[in-house]
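The numbering of the sequence shown is the working numbering, which starts it at 178 and goes up by one.
Backbone N, C-alpha and C fix where the C-beta goes; we use that ideal spot for every residue, glycine too.
Structure record follows, encoded as structure tokens.
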Amino acid sequence: MIQIIPAIDLMGGKCVRLSQGRFEDKKVYDSDPVEMAKAYADAGCTRIHIVDLDGAKAGSPQQTDLIVRIAQQANVEVQSGGGMQSVSLVESALKSGISAIVIGTAAIRQPEMLHECLIKFGGDRIILAADVLNEIVMISGWAEDSNIEIRELIERILPYGLNQVLVTDINRDGMLGGTATGLYVSLQQQWPHIEIIASGGVGSINDIISLDNAGIRSVIVGKAIYEGRILMNEIREINKKNAG
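Have a look at this one:
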């Protein structure tokens with residue numbers, strides 16, 4: 178069964194969501210991030226995806242203390258990214274209590290850093306994030322074309338112990354219009370031994386069920402929960418089936 182990984186995007190200590198990665202198109206939600214994480218844990222979620230948007234903008238983590246507090250108080254594993262641009266920053270975050278670090282732009286700009294992190298900390302604790310537009314990886318908050326195709330990027334990094342790839346379809350992210358199931362399935366079939374984490378476009382519980390039926394093992398869900406398109410009870414039901 179598929180693992181639902183709820184997303185919390187943090188800006189100034191608040192829960193926000195962006196549409197297609199644009200900071201100017203952010204929506205701020207009233208939800209307290211710690212309480213939100215507790216609600217996800219109560220619904221049976223064991224892992225949460227947290228993005229430090231301030232860190233992504235600044236180029237170094239800005240909200241680590243809050244992220245660690247979320248992990249501790251909600252008693253969940255947290256995978257987190259945003260501004261992780263050196264091995265020492267990654268090591269510090271992992272030692273502080275964050276379960277796994279998500280590395281995106283730095284994987285393109287500083288591939289040696291990602292390689293060292295994978296070798297030093299292992300593929301269970303380092304996740305490659307690839308934001309794709311027509312299968313081309315985009316970087317720097319989706320503003321820059323890397324000229325690297327997603328499959329080429331995966332092949333480059335596999336020898337270093339890669340086993341988790343978070344793939345976001347930019348065209349669909351935050352739009353609630355359905356997922357790029359074909360892309361995720363194609364990647365998962367090409368590399369069955371690594372975990373493809375689907376992200377972008379989930380608008381209803383049926384989208385999650387479709388991914389599950391297609392053999393995808395993990396999906397990140399954000400805006401659909403905040404907007405009431407997916408209810409906590411629906412998440413709880415899927416998690417119950419997983420546990421059973």
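- Cα atoms of ILE374 and GLN249: separation of roughly 24 Å, rounded to the nearest angstrom.
- Around the beta-carbon of ILE247, 16 or more other beta-carbon atoms lie within 10 Å, marking it buried.
- It is roughly 13 Å from the alpha-carbon of SER265 to the alpha-carbon of ILE280.
- Runs of the beta strand (DSSP E) spanning 3 or more residues and lying entirely within the region 322-410 occur at 341-346, 372-376 and 395-398, in chain order.
- Going by DSSP, MET290 is part of the alpha helix (DSSP H) stretching over 288-298.
- With contacts defined as CB atoms closer than 8 Å, VAL253 and THR282 fail to qualify as a contacting pair.
- Annotation for ASP301: no alpha helix (DSSP H) segment contains it, and DSSP assigns it neither H nor E.
- At a cut-off of 3 residues, the continuous stretches assigned as beta strand (DSSP E) that sit fully inside the region 186-257 are 191-196, 199-205 and 224-229.
- Among the bridge pairs identified by DSSP, ALA184 is matched with HIS226.
- Comparing alpha carbon positions, the residue from ILE244, GLY190, GLY421 and THR345 closest to THR356 is THR345.
- Per the DSSP secondary-structure output, ILE313 pairs in a beta bridge with LEU310 and GLU326.
- Here ILE296 is near TYR337, since their CB atoms are less than 8 Å apart.
- SER263 and ALA307 have their C-alpha atoms some 18 Å from each other.
- In the DSSP assignment, ALA270 falls within the unbroken alpha helix (DSSP H) covering 264-273.
- Apart from sequence neighbours up to five positions away, the residues of its chain that approach THR358 with a beta-carbon distance below 7 Å are SER387, LEU388 and ALA391, ordered along the chain.
- Annotation for ILE397: ILE182, ALA184, HIS226 and SER376 place their beta carbon closer than 6 Å to its own, counting only its chain and skipping 5 residues before and after.
- Per DSSP, the beta-bridge partners of ALA277 are GLN256.
- Per DSSP, reduced to three states, the secondary structure at ILE285 is helical.
- Ranked by Cα distance from ILE285, the options ASN324, LYS191 and PHE298 are led by ASN324.
- Less than 8 Å divides the Cβ of MET188 from the Cβ of LEU230.
- Contact annotation, ASP186 with ARG194: C-beta distance approximately 6 Å; criterion of less than 8 Å satisfied.
- VAL228 and GLY259 have their alpha carbons spaced roughly 6 Å apart.
- Ranked by how close their Cα comes to the Cα of GLY299, the residues ILE278, ARG394 and LEU408 have ILE278 in first place.
- Secondary structure at ALA420: helix, using DSSP grouped into helix, strand and coil.
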